[in-house]
Ligand SMILES: Nc1ncnc2c1ncn2[C@@H]1O[C@H](COP(=O)(O)OP(=O)(O)O)[C@@H](O)[C@H]1O
Ligand SMILES: [Mg+2]
């Protein structure tokens, strides 16, 4: 069972979106996946997954013994994945009780934890219950700076692996030199990108229908992200003047990793 926290320094960079889309892509690959909402931000996971009307119990009910964890889990019937909903800040949710809930989730291949923004208590709670971390950043300077801070904080948590996902990349702007390239960002952060997700208007459909359509450009990128996570492949989006397409730059990635 892999316990992975999806975090970032800056809010609004796409953590919840990545958790939802990566979770779906892993479920589509036949994996048993549970998404744990530890973020009580603007876009809650249940809203992004369009299952908010199914929420009966949440993590606080589990901690306070009002229900069993299995009762609080909501199944997304379409993809077969499960969501454990959050509640707003509550003193019952400590690093220890949160971890107990995570540890009580059995029978899953993947537990993806949607981490709150910032580096306060919520960050500590979410991160200390995971074994692997994915840091989401966008190509903006402030997001990269915050991602850098989070990466150094994470080094104190003894993660088995830590990787980055670069979200909201606009290939045309990268080509014109108006946006930092994923390669530059990965060099700055001294961390391999596990995935590169393009800017995609279809992503807003998440909060309406709970899924990006199969034709969406980001859908392909999320599939590659899931494959990279699961199989350890190094496939990411590569940029060309004719648009973006999936290509392997794992040779380059390996060469850098081997240094
Ligand atoms: N690749 C993308 N392309 C377009 N919009 C995106 C992308 N990723 C995220 N968004 C949008 O950005 C906003 C913030 O994303 P969200 O996942 O809620 O961030 P966070 O959980 O980090 O606060 C949402 O409205 C979401 O739809
Ligand atoms: Mg969020």
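Residue numbers (our numbering): 7 to 265. Every residue, glycine too, gets a C-beta built ideally from N, C-alpha and C. No experiment lies behind these values; they were computed from the predicted model shown.
Would you mind working out which of the options sits nearest residue i, comparing C-alpha positions?
i: residue 228; options: 13, 31 and 12; result: 31
i: residue 76; options: 178, 84, 64 and 83; result: 64
i: residue 86; options: 239, 135 and 29; result: 29
i: residue 42; options: 101, 107 and 102; result: 107
i: residue 130; options: 8, 7 and 14; result: 14
i: residue 40; options: 60, 66, 142 and 7; result: 7
i: residue 25; options: 54, 237 and 35; result: 54
i: residue 180; options: 167, 202 and 166; result: 202
i: residue 138; options: 235, 183 and 23; result: 235
i: residue 73; options: 61, 84 and 82; result: 61
i: residue 183; options: 145, 163 and 241; result: 145
i: residue 34; options: 240, 96, 154 and 232; result: 232
i: residue 191; options: 128, 78, 142 and 84; result: 142
i: residue 266; options: 102, 115 and 104; result: No answer is possible for residue 266: the residues shown for the chain start at 7 and end at 265.
i: residue 127; options: 95, 152 and 150; result: 95
i: residue 149; options: 163, 173 and 164; result: 173
i: residue 238; options: 167, 187, 188 and 211; result: 167
Run through DSSP, which three-state label would residue i get?
i: residue 138; result: strand
i: residue 205; result: coil
i: residue 172; result: strand
i: residue 22; result: helix
i: residue 16; result: coil
i: residue 249; result: Reliability of the predicted coordinates at residue 249 is poor, the pLDDT of 46 falling under 50, and no value is obtained from them.
i: residue 58; result: helix
i: residue 188; result: helix
i: residue 258; result: Interpretation of residue 258 is limited by its pLDDT of 40, a score under 50 that renders its predicted location unreliable; the figure taken from the coordinates is listed afterwards. The answer is helix: DSSP assigns residue 258 an H, G or I state.
i: residue 126; result: coil
i: residue 10; result: strand
i: residue 210; result: helix
i: residue 195; result: coil
i: residue 221; result: coil
i: residue 235; result: helix
i: residue 115; result: coil
i: residue 87; result: strand
i: residue 99; result: coil
i: residue 63; result: coil
i: residue 200; result: strand
i: residue 181; result: helix
i: residue 159; result: helix
i: residue 45; result: coil
I believe residue i touches residue j by the beta-carbon criterion, under 8 Å. Please report the beta-carbon distance rounded to the nearest angstrom.
i: residue 171; j: residue 200; result: 6 Å
i: residue 69; j: residue 98; result: 5 Å
i: residue 135; j: residue 9; result: 7 Å
i: residue 218; j: residue 27; result: 7 Å
i: residue 2; j: residue 113; result: Absent from the structure is residue 2, since the part of the chain shown begins at 7 and ends at 265.
i: residue 222; j: residue 119; result: Between residue 119 and residue 222 the Cβ distance is about 25 Å, and since that is not below 8 Å, they are no contact.
i: residue 89; j: residue 80; result: 5 Å
i: residue 11; j: residue 156; result: Wrong, their Cβ atoms sit about 11 Å apart, outside the cutoff.
i: residue 169; j: residue 197; result: 6 Å
Is the segment 119 to 127 touching the segment 19 to 38 in the sense that three or more CB pairs, one from each, lie closer than 8 Å? Contact holds: three or more Cβ-Cβ distances are below 8 Å.
Below 8 Å, can you find three or more Cβ-Cβ pairs linking the segment 221 to 241 to the segment 201 to 213? Yes: the two stretches touch, three or more of their Cβ pairs being nearer than 8 Å.
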